[in-house]
Structure formats: C-alpha cells, structure tokens
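Written below as structure tokens is the structure these notes are about.
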Amino acid sequence: MSKSRIHWQWGAVCICIGSLLYSGCASRLALKDDTGQPIKRSEVEAKKKNNNFWLYAVGGGALSFGASFFTGAMIERGVDTDNRIALWSITGAGTVLGTLIFSHNGKVRDFNLAVEAVKDARQQELGKKIKGEQERQEKLAAERKRVEDERKRQEAERQKLLDQIRDQQKKKDQP
C-alpha cells in the first residue's frame, strides 16, 4: 500500500471519530427545565448513575476490538512481511480509541438521563404545587359560599326582626 493511501485512510478514520464526538448522538442537554429555570449541576450529579458508561465502555470496547482486529488483519495481508506488529498495534489502538469514544457517549447518555430525571422531579413537584393551590382555591370558594350563605341568613333574620319591630311600633302608635 502506498503512503498516500494510508494517510487518506487515517484521515477518513479521524473524520469519522470527529463526527461521532461532535454529532448530536453525543451532545448534552441544556441545563434548564421545562419552565426555563436553571438546573444546578449538584441536582444532576445527585440523579446521575454510571450504568450507561460501563455498558457503552464494555460493549464499545468489544465492538472496537472486533472491528480493529478485522481492519488490522486486512492491512497485514497487504503488507509483505511476517511481522505481526501491524495487526496488534492497529487492534490495540482501535480498541482503546473505540472504548474511549463509546464510554464518552455512555457518560453523555447518563448525564442526559439525569437531566431528564431532574426535569421529571421538578414537573411532579410543580404538579403537586398546582394541585395544592387548586385545593386551596376550592376551600376558599367553599368558605366564601358559606360566608355568603351566612350573610344572607343573617340579612333575612335582620329583615325579619326589623319587620317585627315595625309591627310592634305600629301597634304601639295606634291607640
């Protein structure tokens, strides 16, 4: 293989790695909840787990080992020497690089899941506040209705007493 072809292949590999690292599949969510309030890193860290990090690291390492071993074997066949350094150096480098890329994506996934968990917790808290406020409003409306009914009852009683007083005064004024 010519050196220019090898350089071109490594350039293509670097472009693929760069696109994986900077594409949307490895991007972090904004630290704002649904109402626009900022989310603190401490809240995210409290909800964060490392399950996806380990899963992606182990799975990505195994996948990268297989892919880089295959690539190394193909390159070794093209080289006319009996030296196996190319096979194992390509396999090792590919495995390490793939493990790093996949573990980074796993960390980002864990971070995004923690942000979503914080958003869900805040949404539930907001729902509880809204429900509490609705109950308070219902209690106030019931109290208002009770007070209005009491006022109407008192007004009717007052009117009745006024009528009785007027009747008594009329009887008194008539000899």
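In this text, residue positions in the sequence shown follow our numbering: the first is 17, and each later residue adds one.
From the three backbone atoms N, C-alpha and C, an ideal C-beta is built for every residue, glycine too.
Taking a 10 Å sphere around the C-beta of residue 126, we find 16 or more other C-beta atoms and assign the residue as buried.
CA-to-CA, the gap between residue 91 and residue 129 works out to about 40 Å.
Contact annotation: the region 70-78 touches the region 113-123, with at least three C-beta pairs closer than 8 Å. In this structure, the alpha-carbon of residue 81 lies about 21 Å from that of residue 67. Cβ-Cβ distances below 7 Å link residue 59 to 134 in the same chain, with the five nearest sequence neighbours on each side left out; the list follows chain order.
As DSSP reads the structure, residue 48 sits in a beta bridge with 54. In the DSSP annotation of this structure, the continuous segment of the alpha helix (DSSP H) that includes residue 160 starts and ends at 101-189.
Leaving aside the five residues that flank residue 110 on each side, the residues in its chain whose CB is nearer than 7 Å to its CB run, in chain order, 80, 83, 84, 87. When the beta-carbon positions are compared, residue 122 and residue 72 come within less than 8 Å of each other.
Apart from the 5 residues on each side of it in sequence, residue 166 has no Cβ closer than 6 Å to any other Cβ in its chain.
Here residue 45 has 127, 128, 131, 132 as same chain residues with Cβ atoms under 8 Å from its own Cβ, once five neighbours each way along the sequence are excluded.
In the DSSP assignment, residue 66 falls outside any alpha helix (DSSP H) and carries neither an H nor an E.
As the crow flies, the alpha-carbon of residue 172 is around 10 Å from that of residue 178.
By the neighbour-count criterion, in which a residue is buried when 16 or more other Cβ atoms sit within 10 angstroms of its Cβ, residue 97 is exposed. The alpha carbon of residue 56 has as its nearest neighbour, out of 162, 138, 104, 187, the alpha carbon of 138. For the set 89, 31, 48, the Cα lying nearest the Cα of residue 136 is the one of 48.
The DSSP-derived three-state label of residue 87 is helix.
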